[in-house]
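One structure is given here, and the rest of the page talks about it.
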Amino acid sequence: MPSFGSHALRARLGPVRRDAGIRSGPSLDSPVLRVVLPDPAVAHEAEGWSVGGEVVEDRHPDGVITSSVRFRLAGGGWSGAVDFEPVTATGLLAHAVTVARRQPPVAS
């Protein structure tokens, strides 16, 4: 298994925006400890971040989100940056996610 370096980051992530598998470590190979459902009343706090495997998520209204960043949650476990709003994730860590905007359909 690859070695992941963890970096300190104390910050408010806010609520997850999609179902999030909270893992025991930053790797996609780490076991899922629990699944957190979107709930605007439940905010999450980060206490660190690390690089893990790349995740591509194509269901955000702003476009396709890509990230290799995982946040270590204050409540335990690790969650992908793609599980949070891109503007929040990049506001905390500039390179947390990239968003490829969708092109409007071409009229024929």
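Numbering of the sequence shown is given in the numbering used here, commencing with residue 153 and proceeding in unit increments.
Don't be surprised by glycine CBs; every beta carbon is placed ideally from N, CA and C.
The model shown is predicted, which means the values in this text are computed figures rather than measured ones.
Simplified DSSP state of residue i, which is helix, strand or coil
i, result
"GLY227", "coil"
"SER155", "Because SER155 carries a pLDDT of 44, less than 50, the predicted location of this residue cannot be relied on, and no value is offered for it."
"VAL234", "helix"
"VAL168", "coil"
Whether residue i touches residue j by CB criterion (8 Å)
i, j, result
"ARG186", "GLY204", "no"
"ALA198", "GLY166", "no"
"VAL184", "SER219", "no"
"GLY157", "SER202", "yes"
"ARG278", "GLY229", "The displayed coordinates of the chain run from 153 to 260. Any statement about residue 278 would go beyond what the structure contains."
Best match in the options for proximity to residue i [C-alpha to C-alpha]
i, options, result
"LEU322", "ARG253, PHE236, ALA252", "Here the chain covers residues 153 to 260 and nothing more, so residue 322 does not appear."
Bridge partners - residue i, DSSP secondary structure assignment
i, result
"VAL216", "ALA252"
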